[in-house]
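To start, the structure under review is shown below, and the notes come after it.
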Amino acid sequence: GAGVSQSPRYKVAKRGQDVALRCDPISGHVSLFWYQQALGQGPEFLTYFQNEAQLDKSGLPSDRFFAERPEGSVSTLKIQRTQQEDSAVYLCASSRGTGSNEKLFFGSGTQLSVL
Amino acid sequence: GQQVMQIPQYQHVQEGEDFTTYCNSSTTLSNIQWYKQRPGGHPVFLIQLVKSGEVKKQKRLTFQFGEAKKNSSLHITATQTTDVGTYFCAGKDGGSQGNLIFGKGTKLSVKP
Numbered sequence: 003g004a005g006v007s008q009s010p011r012y013k014v015a016k017r018g019q020d021v022a023l024r025c026d027p028i029s030g031h032v033s034l035f036w037y038q039q040a041l042g043q044g045p046e047f048l049t050y051f052q053n054e055a056q057l058d059k060s061g062l063p064s065d066r067f068f069a070e071r072p073e074g075s076v077s078t079l080k081i082q083r084t085q086q087e088d089s090a091v092y093l094c095a096s097s098r099g100t101g102s103n104e105k106l107f108f109g110s111g112t113q114l115s116v117l
Numbered sequence: 075g076q077q078v079m080q081i082p083q084y085q086h087v088q089e090g091e092d093f094t095t096y097c098n099s100s101t102t103l104s105n106i107q108w109y110k111q112r113p114g115g116h117p118v119f120l121i122q123l124v125k126s127g128e129v130k131k132q133k134r135l136t137f138q139f140g141e142a143k144k145n146s147s148l149h150i151t152a153t154q155t156t157d158v159g160t161y162f163c164a165g166k167d168g169g170s171q172g173n174l175i176f177g178k179g180t181k182l183s184v185k186p
């Protein structure tokens, strides 16, 4: 595709509800990242995929957060039993390769509000 | 763990004034990248610096990477209203798998 696509754009969840956020990276991009951005803050790293392999999940805040990229393209970030502190914008980014000099292309994000 | 700090957090300038944001890392970086996020938008890549002491220019924007590869700066000459947004630096230390660590950003507002 032309860019990184994320859906839904907005999600309102009741506390305790499970949510699934989708990311469709740029076609052919090997690396995929999930970031969490609270209001007025910088993106905080959550997890990193190289193709279908999840190489780093050190940023996931709890075991309620789970991410997958089963076929090495589309990725889903799932949050179970959502809590109010999960409210944030969830950004997905992809890069062409795996080198340390790759620039990230971000999607527009999913704004999650937990009531 | 690695931390990336940015100052100032906010900067309000009159159109035509210059603007600088500073970025400091707790560890030596393999490279540093700068992103701009417009209000309501997502981060967009501006530039990457790799070499110690490197200086790069993009029109009115000048980016520097420190000699020790632990700090960086972005300077905008003669700001315009189109420069409004939040500027983030993001660094990757030599030992990391590949994830960028972002600073908290500097939010620039420009009064016409």
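Order-wise, the sequence lines are chains D and H. Okay, so the first sequence: first residue is 3 according to the working numbering, each after it adds one. Okay, so the second sequence: first residue is 75 according to the working numbering, each after it adds one. Think of the CB as a built atom: it goes at the ideal place given N, C-alpha and C, for glycine as much as any other residue.
Among the options, nearest to residue i - alpha-carbon criterion
i, options, result
"D:ASN53", "D:GLU87, D:LEU34, D:ARG11, D:SER60", "D:LEU34"
"D:GLN113", "D:ASP26, D:GLN38, D:GLY5, D:VAL6", "D:GLN38"
"D:GLU87", "D:PRO63, D:GLY101, D:VAL6", "D:PRO63"
"D:PHE68", "D:ARG11, D:ALA40, D:ASP20", "D:ASP20"
"H:PRO82", "H:ILE175, H:PRO186, H:ASN173, H:CYS163", "H:CYS163"
"D:VAL32", "D:SER77, D:GLN43, D:SER115", "D:SER77"
"H:ILE106", "H:ILE175, H:LYS181, H:VAL118", "H:ILE175"
"D:GLY74", "D:LYS16, D:PHE51, D:ARG11", "D:PHE51"
Short CB-CB distance (under 8 Å) between residue i and chain H
i, result
"D:ASN103", "yes"
"D:LEU93", "yes"
Short CB-CB distance (under 8 Å) between residue i and chain D
i, result
"H:GLY165", "no"
"H:GLN107", "yes"
"H:GLY179", "yes"
Where residue i falls: helix, strand or coil (DSSP)
i, result
"D:GLU46", "strand"
"H:GLU89", "coil"
"D:GLN86", "helix"
"H:THR155", "helix"
"H:SER146", "strand"
"H:GLY165", "strand"
Is the segment 11 to 31 of chain D touching the segment 75 to 95 of chain D in the sense that three or more CB pairs, one from each, lie closer than 8 Å?
The answer is yes - the segment 11 to 31 of chain D touches the segment 75 to 95 of chain D, with three or more Cβ pairs under 8 Å.
Chain-ordered residues of the segment 27 to 59 of chain D with a beta carbon less than 7 Å from chain H:
Those would be SER33, PHE35, GLN43, GLY44, PRO45, PHE47, TYR50, LEU57, ASP58, in chain order.
Is the segment 146 to 165 of chain H in contact with the segment 80 to 99 of chain H, if contact means three or more CB pairs nearer than 8 Å?
Contact holds: three or more Cβ-Cβ distances are below 8 Å.
Residues, ordered as in the chain, of the segment 62 to 88 of chain D that lie near chain H by beta-carbon distance below 7 Å
Within the segment 62 to 88 of chain D, no residue has its Cβ closer than 7 Å to any Cβ of chain H.
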